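Novice: Heads up: the sequence shown at position 155 corresponds to 154 in numbering that gives the first Met the number 0, and the numbers run straight through without jumps.
Before we start, here is the structure in question, set down as structure tokens.
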Amino acid sequence: MRTHYARFQNRTEAGKQLAARFKPYADRPDVLVLGLPRGGVPVAYEVAKALNLPLDICLVRKLGVPGHKELAMGAIASGGVRVLNYDVVGWLGIAGKVIDEVANRELRELQRRDRAYRGDRPPPDIRDRIVILVDDGIATGATMRAAISVLDAQKPAYLIVGVPVAPSETCDALKSEADEVVCLLTPEPFYAIGLWYEDFSQTTDETVRKLLADSTSSSYSPAALA
Numbered sequence: 000m001r002t003h004y005a006r007f008q009n010r011t012e013a014g015k016q017l018a019a020r021f022k023p024y025a026d027r028p029d030v031l032v033l034g035l036p037r038g039g040v041p042v043a044y045e046v047a048k049a050l051n052l053p054l055d056i057c058l059v060r061k062l063g064v065p066g067h068k069e070l071a072m073g074a075i076a077s078g079g080v081r082v083l084n085y086d087v088v089g090w091l092g093i094a095g096k097v098i099d100e101v102a103n104r105e106l107r108e109l110q111r112r113d114r115a116y117r118g119d120r121p122p123p124d125i126r127d128r129i130v131i132l133v134d135d136g137i138a139t140g141a142t143m144r145a146a147i148s149v150l151d152a153q154k155p156a157y158l159i160v161g162v163p164v165a166p167s168e169t170c171d172a173l174k175s176e177a178d179e180v181v182c183l184l185t186p187e188p189f190y191a192i193g194l195w196y197e198d199f200s201q202t203t204d205e206t207v208r209k210l211l212a213d214s215t216s217s218s219y220s221p222a223a224l225a
């Protein structure tokens, strides 16, 4: 039974609720909010807006199991980072050649999204800043671990993972990789992220572009705090 767990109406509401957990970081020039495209960006947008913080993205692509794309066997991110979920790979006996094929395909999509979302705008400077890394939820944690690996290489002062919903064991595991993990809802049994939203419709590329453009033109844009 999961009727005693309140679901989020949508990503906007989830972001507003998540922002309340980060009030001490409001208006600080050394803090940056990063959203994981696509679904994490609407959540991150609300966090950044509520706290008057700059918003940017951290590009990561899930490596879905062939025939079962929602099941993550790993993830890749910019800079050649690849994180594998060895439990899934071993359980299904997935060959290295298959992993490489999926990774190469997802790399092309990652590069496309980088051009589509960021355009000519350079990535933000992460070094010595407090980073709040946001997604709309975590299942296996492979995507988030890839993102953490990318950011760790850029030497942030403090790295916080913030999500509306995730399994408790996944959150606990990520605490050894991030400085802090904030999760609003840890339902048991978990099943899937989308079950904990009334509206979990797909976030489009256009929505991501619009939210990033809105943030750039506001007082909490990266340019305003550079």
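Ideal placement from N, C-alpha and C gives every residue a C-beta, glycine not left out.
As the structure is a prediction and not an experimental result, all values here were calculated from the model.
Excluding the 5 residues preceding and the 5 following Val80 in the sequence, name in chain order all residues of the same chain whose CB lies nearer than 6 Å to its CB.
Specialist: Ala145, Ser148 and Val149
Novice: Tell me the residue span of the beta strand (DSSP E) that contains Lys61.
Specialist: Val59 to Val64
Novice: State the CB to CB distance for the pair Leu33 and Val133, rounded to an integer number of angstroms; the pair is presumed to be in contact (CB under 8 Å).
Specialist: 7 Å
Novice: Please work out which residues of its chain come closer than 6 Å, Cβ to Cβ, to Val181, disregarding the five sequence neighbours upstream and downstream, and give them in chain order.
Specialist: Arg20 and Gly161
Novice: Can you list, in chain order, the residues of its chain whose CB lies under 7 Å from that of Phe189, leaving out five sequence neighbours each side?
Specialist: Pro166
Novice: Using beta-carbon positions only, say whether Tyr157 and Asn9 come within less than 8 Å of one another.
Specialist: no
Novice: Quick one: which unbroken beta strand (DSSP E) runs of 3-plus residues sit fully inside the region 147-223? Chain order, please.
Specialist: 157-164 and 179-184
Novice: Classify Gly39 as helix, strand or coil using the three-state DSSP reduction.
Specialist: helix
Novice: When DSSP labels each residue in this structure, what does Arg114 get in the three-state scheme?
Specialist: Note: Arg114 maps to helix in three-state DSSP.
Novice: Quick one: is Gly66 buried, meaning 16 or more other Cβ sit within 10 Å of its Cβ, or exposed?
Specialist: exposed
Novice: List the DSSP bridge partners of Arg81.
Specialist: Ile75
Novice: Ile192 and Asp113 - do their beta-carbons sit closer together than 8 Å?
Specialist: no
Novice: What residues match up with Gly34 in a beta bridge as DSSP calls it?
Specialist: Ile56 and Val133
Novice: State yes or no: is the C-beta of Asp171 within less than 8 Å of the C-beta of Ile159?
Specialist: no
Novice: Spell out the partners DSSP gives Phe7 in its beta bridges.
Specialist: Tyr196
Novice: CA-CA distance, Ala43 and Gly14?
Specialist: 6 Å
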